[in-house]
Each structure stands twice: as structure tokens, then as C-alpha cells.
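According to the working numbering, the sequence shown holds residues 5 to 312 in order.
In what follows, a single structure is set out as C-alpha cells and then discussed.
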Amino acid sequence: MVSNPFYTDFRSKNTDRTAKKDGFGNVSGNEFDLAKDNAFKGKVIAILHLYTGIGHNENFDFLLPEKALQEKGFSVVRWQNALPDIEEFKKVLSKSTQLWIISTETQLLNASYLNVIKDFFNQGHGLFLWGDNDPFHKDADFVSQSLFNTTMSGYEMGDQVVSLQKGNSKIGIVPNHPITTGLEFLYEGITIAAISINNDLKPLMYSSAGNVVTAYYERDEKRAILDGGFTRLYCKWDTAGTARFVKNAAAWLANTERFELKTNLTQQNKIENNSLDVNNIISKFDNKNISSIIPQSLPNTDSTINKF
């Protein structure tokens, strides 16, 4: 496994028998998250927060997830209930590591915004598509249908904590993935949607009913997550694992392996290649008979002066 300075040494591990556990059975302490604290200082997450609970007697203000993300250094630019001007959208995305879309029951995105999102994603930036029970996944579907040929559906009553997947079980958290670092137990959300899996997507969490509630995409240095249970971002936030899941997901979507480590490696290779070029030049002089490049006789300066 390649070392990553943004990540803790606990990357892709789920538990440590010697570590202290929290009230739900997960290892306790930020050193068991995927990302080191403040590792992503200066990195931006753009969020289309299209469902805030208005009209549904709910208050989804995103304050708790934002506080968790700030532990890792992320800052958040968030638009609520409506789309920003498309030029503003482009400007913010140009400075962002990832885009999160939290869907509502009606589709707000159109083809123009979709093209911007597709360009952003195809450049290697992260994408997190959040939906929930029918019909609260319209914009997630609009984007995922175009990029991954899949959608969300269903109105499953969840409200359970699932544990690590064992054997061939279709219930629980997929172990040993960076996003599930430090997680043995994870709350699935209250009422949730299922994700239709295809060759592009891989399951990350199965619901208590055996449906895929969280899936991820990783191909051609591009990354995305789809989740059918956004209620856990504000309902029962303090239940098993949600804060850690959110932090891990953001760290993984930042795709440092492409944008930071690969860039640094390229720069290092250039420096090494330049050093090799200099060394080659020096070695040519070292290996050459020095007498062959120094004149064997020098002009007689006295005779030159006497001419005047």
C-alpha cells in the first residue's frame, strides 16, 4: 500500500482489539479515521443542498456534518434549496475537490448544469450523490443515470445499525475499504432508498433488509459515492459511525492519489531526471583526458608586448 501523508496509519482497517470503543462499538478517537486532522486545510467541498426539510416539518441545516468535515481541514461552500447561477457554480467548482448533491423530490438540475458536473467529474474530482426514500432522489438520479447508468428507488424502513458484512451475507458494511476505515457499526438511516448496482458500481453498505444503500465508483482515476439515506446527516447524527463515515468519504473523494501524490511524484521524477542530466555532463568531463581540453602551449606574452 502506497504511503499517503493525508491518511492515518489506520487506513482501511475496521477495528483494533486493544483500542477504546465508543458506545456503539467503533474504535474511539480521530486517529482511527481515514484522514489526519487538518490534513485537508484549504481544500473546498461544494454542496448543492437541495433538501433542507422546508415544507416537511424538518430542519436539515447541515451544521453537524460541516463541523465534522472541518476537523479534517475542509471548508464548505453550500447552496440551499435552489441552484446557484451557473457561472458562480463553475467558479466555485474550479476551486473545489468534490461536489455533493443532496436531492429533493423534484428535479432542479438541467442539461447545462449536468454538463458542468460531468466535466468536473471527468477531470477526476469527487462526486457524492445523496438521495433518500421515494421520491427524494430526483437530482441524484438525473446525474447517476447519465454517468453510471443507474438510479435509486424504494421506501425502505431502515432505522437500524448494521455491522461488518460477514461471509456471503448481504447485510452490513463492506470491510477494508478506505471509506469504512474505523467502522464496525454504521447507522443506515431512517427511511432509505436502494441503489441499483451494475458493473460500474460496487456496494459499500447493505441495508438491514439486504439492499445496497451505499455504493461507490472508482475507475480511470475518478471517484464517486451514491447513498440512499441522507436522513442520517441530520436525524440521529450521533448514532453509530455517521460522523466518521462523512469524514472518510470526503477524504477519499478528494482523490489525493491523483492530484497530490501523482503530481509530487511527477515533480520528483523531473528533478531526478535533471540531476541525471547534470551528472552525465560532469561525468563526461571526468572521463575525458583533461589535457585534451587545455592548450598544450600558451602564447608568449612578452613577445606580444615587445611589438608595441
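Even glycine gets a Cβ: it sits at the ideal position worked out from N, Cα and C.
Predicted model only: the values in this text are computed from it and were never measured.
- The criterion of a C-beta distance shorter than 8 Å is satisfied by N215 and G158.
- If you check the CB distance, N18 and L187 come in under 8 Å.
- Rounded to the nearest whole angstrom, the C-alpha separation of K47 and V178 is 28 Å.
- A distance below 8 Å between beta-carbons, with the five flanking residues on each side excluded, links D136 to the following residues of its chain, in chain order: Y55, S107, G193, T195, I196, A197, G232, G233, F234, T235.
- No Cβ-Cβ contact shorter than 8 Å links Q111 with D138.
- Using a Cβ distance threshold of 8 Å, F125 and K226 count as a contacting pair.
- T101 places its beta carbon less than 8 Å from that of A258.
- In the displayed model, S79 falls within a strand according to three-state DSSP.
- For the options A244, I175, T185, L237, the alpha carbon positioned closest to that of S212 is the one of I175.
- Per DSSP, I229 is one residue of the beta strand (DSSP E) stretching across 226 to 231.
- According to the DSSP assignment, W104 belongs to the beta strand (DSSP E) that extends over 100 to 106.
- The beta carbon of R223 sits closer than 6 Å to none of the beta carbons in its chain outside the five residues before and after it.
- Shortest Cα-Cα distance from L68 to any of E62, Y238, H60 involves Y238.
- Beta-carbon to beta-carbon, R82 and I121 are separated by about 16 Å, too far to satisfy the 8 Å threshold.
- In the DSSP annotation of this structure, the continuous segment of the alpha helix (DSSP H) that includes Y117 starts and ends at 115 to 126.
- Looking at the DSSP output, I194 sits in no beta bridge, so it has no partner there.
- Excluding its 5 nearest sequence neighbours in each direction, K24 has C-beta neighbours in its own chain below 6 Å: S32, listed in chain order.
- When DSSP reads this structure, E222 sits in a beta bridge with R227.
- Around the beta carbon of D89, a 10 Å sphere encloses fewer than 16 other beta carbons of the protein chains shown; the residue is thus reported as exposed.
- For the pair R21 and L38, the CB atoms are not nearer than the 8 Å cut-off.
- In this structure, L103 lies away from L73, with their beta-carbon atoms at least 8 Å apart.
- Counting other Cβ atoms within 10 Å of its Cβ, A228 reaches 16 or more and is therefore classed as buried.
- Distance between H141 and V147, taken at the CA atoms: about 10 Å.
- Secondary structure of L237 (DSSP, three-state): helix.
- The alpha-carbon separation between S200 and N114 amounts to approximately 23 Å.
- The beta carbon of K170 sits closer than 8 Å to the beta carbons of G176 from its chain, once the five residues preceding and following it are set aside; these are given in chain order.
- Beta-bridge annotation (DSSP): K25 is paired with V31.
- Cβ-Cβ distances below 7 Å link D26 to S32 in the same chain, with the five nearest sequence neighbours on each side left out; the list follows chain order.
- Ranked by Cα distance from E70, the options K251, K266, E264 are led by K251.
- Taking a 10 Å sphere around the C-beta of G59, we find fewer than 16 other C-beta atoms and assign the residue as exposed.
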